[in-house]
Amino acid sequence: MKKFRKVLDGLTTSSPGGTIGSPSCGSAAGTPTAAPTPKEIDVQETLVSENFQLCKTVRHGFPYQPTALAFDPVQKILAIGSRSGGVRILGRPGVDCYCQHESGAAVLQLQFLINEGALVTACADDTLHLWNLRQRRPAVLHSLKFNRERITFCHLPFQSKWLYVGTERGNTHIVNIESFILSGYVIMWNKAIELSTKTHPGPVVHLSDSPKDEGKLLIGFESGTIVQWDLRAKKADFRIYYDEAIHSVSWHHEGKQFMCSHSDGSLTLWNLRNTTRPFQVTFPHGKIQKDGRKESCKPILKVEYKTSRSSEPFVIFSGGLSYDKAGRRPTLTIMHGKAITVLEMDYPIVEFMVLCETPYNNEVQEPYAVVVLLEKDLIVVDLTQSNFPVFENPYPMDIHESPVTCTAYFADCPPDIIPILYSIGAKHKKTGYSQKEWPISGGTWTLGSHTYPEIIITGHADGSIKFWDASAITLQMLYKLKTSKVFEKPKPGEGRAAELVEEDPFAVQMVSWCPQSRIFCVVGISAHIILYRFSKYDANTQIVSLEVRLQCESEDVISPSENENNPCFSEQGSHSPQPHHQHPASPGNRTPEGIKDSIPCLKVKDRVVRVPPGYQSELVIQLLWVDGEPPQQITSLDINSAYGLLAFGNCNGVAVVDYLQKTILLCMSTLDLYGAADPYQRLTRSPRRNRQSTSEFCMRGLSNFYSDSKKRIRTSYQSLTELTDNQQSIDMERSKSPTSESRENSFSRSRSSSVSSIDRDTKEAVTTLQFGESYGRKSDALPTPCLWVGTSLGVVLLIPMSIPTDQEERMEEPVTIGPSGAVLMLKGSVLRFAFLDLVGALIQSPYEVWRDLNAPEDPDRPRRRKLVHFSPSSSQDACGDGHLAVVCSERQAKVFLMPSQSCLFVHNITESSFVLRADVVSVCNSVCLACFCANGHVMTLSLPSLRPLMDVNYLPLTDMRIARTFCFTNGGQALYLSSPTEIQRITYSQEMCDNLQEMLGELFTPIETPEAQNRGFLKGFFGGNAHTFDREELFGEAAAGKASRSLAQHIPGQGGVEGMKVAASGAVGELARARIALDERGQRLGELEERTALMMTSAETFSKHAHELMLKCKDKKWYQF
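Take any residue in the sequence shown, count from 1 to its spot, add 2: that is its number in the numbering used here.
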């Protein structure tokens, strides 16, 4: 623990402020004045680097670009592979694990070692991997890389340790699962087919052992050739040559017949007694045309043939529809006896799998459900009911229902907010689901002791907002809000919005939520803001609309001297338009040339509307078109329920709205806010002089991730909902700023803050806003409500306000806004403000306690506003007056002492990159500054001294989606959108990393393997010698020899815990490396223990057989042998 003291002895604002462990910094711009009487700041900083470690916690959502599916029928867990090399393993709610192949190669196929706690993955780089699922963080135990052949199909028989691997060349190899070494036994394609065959049969597309005899392997080749290979005799039992390409094969459980699906939309049924031609050929969706010919049909990509004791067999397949029905949705067909049911899907089918009661392939299968993996959804159909209803999915698979455009993360919320949101959202749930329990119910998960209420909010392209319960590393949908309901639907052909954003005019750009007052604000792509209040009662409401003209006029050329002593901020002048209700565009809104002017992008409903319980819209604020130019997008927003004020800004300026009185208090360009305090002494020139500069997006810096374009807002939206999976570095993306000086509006730009470069550009965007109790001027003795304004040029402005305190006066008397006070300077766009008291504790923003405005009146308890204030001077009389202001920009962080505005500490966060997201968060009963940089580094700095505590190169390639959605929260947690469909949560707290194992679910639970049914004497006698088949005898090294070393290369797995592999600097890195080494040693000991147990079992079996043989031979004479 370190104690930092800073004595301010006669410092002036123009003298450099000293720092502890960081370079000195210049003070705030302004007239040098003497600081107040010397103060001693006594802050005990408790955070050290050992408190921090970065690791992934859990991933939510639907696996992006899925490719493969597998199910363990005993453990009842499901695995989904993806194109990026990820594997998601799902069990009961809470059991959700994400693994990633280091190579990033697409997963081709998944095979569970049923009831063994292991999984085999086959990847597109022709590598097999064996994953150990008996630990909470699965790890690769072995890998086998094929060098000369490409893997096309794998099959692992139940309770076998030999994996069959088919290749593109048509060969079949056999891999020992225990050692992950290739057997010398190979079924070559030219041996499998007849010597007289002149053509290559194609890649292996199917492998399966006969249910009747495990010693017979059925091999399906793409060309239509099927071979049953006798593994003992090493020859083919029969060969089938069919003219249509094969996509899949499925056995009847008795092993006497099998079904194939073909590329012409047909199903063929083959009987082993006569393999010269198919026993039955059907075209399930092919009708006979008038000329007697069959309709041509699409391929049937997969078929499953499952038997049932109580009913006819099930034949389930995907595809096979006729080509003439254009635009039909993908289908899954269920043929049950003579009944054919066609289930239409919303997305293309990637894979499906029928879930059966038994893991044995030679027993009646008894199918009870079918899992359908779609491109963007996971569906489970109940086969036990005749109408085939779907199960209600307990996982949050619909995060991407509409593309996610923004995120917000709130930890340690008020405990009552989650039940209330859930009870409101539950009323709108869909019905018609299967009444049975979700069949994927494996694993175990318990609510850990380290849990607290957490909420994630996602904003979407269609204007919807979703609230999610994220407590205890799970994710459950609570409540959905549709912001588009506030507006009239644009009529076809008319839509003013259509000219701006063709597809989604309601897309959400940012949200602001006060959990205590339950006030919620949404910023949309069409330059609109909607303010919502929460109510448990439905109501009839009239939505109030305000229209704001936040644009510089061509006549407004103002010199600093004219505006120097003009405190006209609260006057209704040309900068502060009178509020008025929204009205539809009329001919008067257009100039004679047809140029749009003074009209909003969207039309608010102007009638009384019935709103259900939940969030109810109270106010809509819209920016207007000016002289035929669309409004600039809103770049910053803050709302304070105690003040009853809402502030927002864009690249033209800032506006403040009193949402209690529904009036506009301030509407000014950024330059006008400075008055004579402009640090660059610029003249306000109207951007109207250069139409090109206003028609294109002018904002530079991290606060905007959108490219310049002719259709500026549309292009911005495209970047918002960017769904490309091309992980290109942000450092590679470049776009030019439309200013006279060519600047790079990219994440790798090096931007100068010099006066000469800024003087050529009057545009200055408002990048962040924060309400709070502070000191607007150095001479202030007491804190007052202030608005802190941060700009894209690194300037911080303080705007003091006077707010009536009495409830009646507050609703009638105007809020007055004084001229801007302090002006502070930093390098780069300002990102975040936070306030600490003089002992280093975080000062919360004041708020209003929630009250339901629609609740019935209670004469004994009148509804009055109840405000909670956190004044800087309330709890620190011994420490004197004042507070610390933490300001973070793209490049540096500074801590100022208020009201003297002295810079106490400064830290240059990055020189080569820039900060994308910064937040002051609470960790381990203290606070720190957390930063995420464009180069992928995650950093934490102590407060107030700004000592570096952690710096981890977490994401080397950061794309626009991550940059847009990354957010920190309290408790050492953060999240980002790792793909268009998935949310990745991470922690940077050492305590949470230590407790993570306890919080995660167990994938493997010890379950007794079901016993095989008694086959009966006759079936056992005539049904072949399946149970005497010894694969070890055939495939082992003694019989088959060793495989060629050049064919495949064995790679030992790391066996460690994936989450521990973050290489951090300093002591944390050493600690992490030591922990990894310890875990790897523990893993090796675990493997050794398992191998020892296997050897003991093998020895016991040998002893038992030897004893039986001795008893058998004990009484025999020599001539009987």
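Just so it is clear, CB atoms sit at the ideal spot from N, CA and C, and this is done for glycine as well.
Requested in this report: Return helix, strand or coil for TYR645, following the three-state DSSP convention.
Outcome: Secondary structure at TYR645: coil, using DSSP grouped into helix, strand and coil.
Report task. Measure the alpha-carbon distance for ILE122 versus ILE179 and round it to whole angstroms. Result -> Residue 122 is actually Val in this sequence, not Ile. Answer to the nearest angstrom: the Cα atoms are 9 Å apart.
**Report entry** Segment limits, alpha helix (DSSP H) that includes CYS415
**Finding:** CYS415 -> no alpha helix (DSSP H), and no H or E assigned at all.
**Report entry** Helix, strand or coil at LEU423 [DSSP, three-state]
**Finding:** Residue state, collapsed to three classes: helix.
Query raised in the report: Which value, in whole angstroms, describes the spacing of the CA atoms of GLN478 and ASP471?
Result: Distance from the CA atom of GLN478 to the CA atom of ASP471, rounded to whole angstroms, is 5 Å.
Requested in this report: Compare the C-alpha of TYR849 against each of ARG520, VAL60, HIS131 and name the closest.
Outcome: Comparing Cα-Cα distances from TYR849 to each of ARG520, VAL60, HIS131, the minimum goes to ARG520.
Query raised in the report: Taking the alpha carbon of ILE458 as the point to measure from, which residue in VAL832, PHE469, GLU1039 has its own alpha carbon closest?
Result: Closest in C-alpha terms to ILE458, from the list VAL832, PHE469, GLU1039, comes PHE469.
Report task. Could you tell me which of SER904, LYS308, ALA463, MET941 sits nearest to VAL922, measuring between CA atoms? Result -> Nearest Cα to VAL922 within the set SER904, LYS308, ALA463, MET941: MET941.
Query raised in the report: Near VAL925, what residues of its chain come up, given a Cβ to Cβ distance below 6 Å and the 5 sequence neighbours on each side ignored?
Result: Cβ neighbours of VAL925 beyond the five flanking positions: GLY974, SER991.
Report task. State whether the stretch 165-184 contacts the stretch 384-392, with contact taken as three or more CB pairs (one from each stretch) at a distance under 8 Å. Result -> Short answer: they don't touch.
**Report entry** DSSP-derived helix/strand/coil call for VAL76
**Finding:** If DSSP states are grouped into helix, strand and coil, VAL76 belongs with coil.
Query raised in the report: Taking just the CA atoms, how far does VAL606 sit from ILE531?
Result: Their backbone Cα atoms lie some 12 Å apart in a straight line.
Query raised in the report: According to the neighbour-count rule (16 or more other Cβ atoms, all chains shown, within 10 Å of its Cβ), is PRO350 buried or exposed?
Result: A residue is called buried once 16 or more other Cβ atoms fall within 10 Å of its Cβ, and PRO350, having fewer, is exposed.
**Report entry** Cβ neighbour criterion (16 or more within 10 Å) applied to THR971
**Finding:** Buried.
Query raised in the report: Relative to the C-alpha of PHE64, which residue among ASP414, HIS1052, ILE985 is closest?
Result: Looking at the Cα atoms, ILE985 is the closest of the given residues.
Query raised in the report: With DSSP run on the structure shown, which of helix, strand or coil describes THR1103?
Result: Annotated three-state conformation of THR1103 is helix, per DSSP.
Query raised in the report: What first and last residue would you give for the beta strand (DSSP E) that runs through MET399?
Result: First-last for MET399: undefined, no H or E at that position.
Requested in this report: Measure the C-alpha to C-alpha separation of LYS292 and SER324 and round it to an integer number of angstroms.
Outcome: LYS292 and SER324 have their alpha carbons spaced roughly 15 Å apart.
**Report entry** For LYS1044, the residue or residues it bridges with in DSSP
**Finding:** Answer is SER185.
Query raised in the report: Quick one: any contact between the stretch 792-803 and the stretch 766-782, if contact means 3 or more CB pairs under 8 Å?
Result: Enough Cβ pairs lie closer than 8 Å, so yes.
Query raised in the report: Is DSSP giving CYS57 helix, strand or coil here?
Result: Strand at CYS57.
Query raised in the report: Between which two residues does the alpha helix (DSSP H) carrying GLN992 extend?
Result: GLN992 -> alpha helix (DSSP H) spans 992-1001.
Report task. Classify ASP660 as buried or exposed, calling it buried when 16 or more other Cβ atoms lie within 10 Å of its own Cβ. Result -> Burial call: buried.
Requested in this report: Output yes or no for whether 9 Å exceeds the beta carbon distance between LEU71 and PHE319.
Outcome: 9 Å or more divides the Cβ of LEU71 from the Cβ of PHE319.
Query raised in the report: Given a threshold of 16 other Cβ atoms within 10 Å of its Cβ, counted over all protein chains shown, does GLU1034 qualify as buried or as exposed?
Result: By the Cβ neighbour-count rule, GLU1034 is exposed, with fewer than 16 other Cβ atoms within 10 Å of its own.
Report task. Answer with buried or exposed for GLU368, where buried requires no fewer than 16 other C-beta atoms within 10 angstroms of its C-beta. Result -> So GLU368 ends up on the buried side.
Report task. Put LEU899 into one of helix, strand or coil per three-state DSSP. Result -> DSSP, read as helix, strand or coil, puts LEU899 in strand.
Query raised in the report: Looking at C-alpha atoms only, which residue of LEU945, LEU918, TYR66, LEU648 is the closest neighbour of ASP44?
Result: Looking only at LEU945, LEU918, TYR66, LEU648, the smallest Cα-Cα distance to ASP44 is reached by LEU945.
**Report entry** Cutoff 6 Å; reference ALA644; Cβ partners in own chain excluding five residues on either side
**Finding:** Around ALA644, the same chain offers PRO848, TYR849, GLU850, LEU869 as residues with beta carbons nearer than 6 Å, after the five sequence neighbours per side are excluded.
Query raised in the report: Which partner residues of CYS299 appear in the DSSP bridge assignment?
Result: Paired residues: SER324.
Query raised in the report: With C-beta atoms as the reference, is VAL372 less than 9 Å away from VAL356?
Result: Going by C-beta atoms, VAL372 is nearer than 9 Å to VAL356.
Report task. Assuming THR335 and PRO391 form a contact by the criterion Cβ under 8 Å, report the distance between their Cβ atoms to the nearest whole angstrom. Result -> Actually they are not in contact, since the Cβ atoms of THR335 and PRO391 sit about 17 Å apart, beyond 8 Å.
Requested in this report: Using beta-carbon positions only, say whether ARG152 and LEU1049 come within less than 9 Å of one another.
Outcome: When the beta-carbon positions are compared, ARG152 and LEU1049 stay at least 9 Å from each other.
Query raised in the report: Do GLY168 and HIS202 come within 9 Å of each other at the CB atom, strictly closer than that value?
Result: Contact: no.
Query - C-alpha distance - HIS1052 paired with ALA1101, whole-angstrom precision - result: About 27 Å.
Query raised in the report: CB-CB under 6 Å to ILE242, same chain, minus the five flanking residues each way: which ones, in chain order?
Result: For ILE242, the CB contacts under 6 Å within the same chain, skipping 5 residues up- and downstream, are ILE228, THR277 in chain order.
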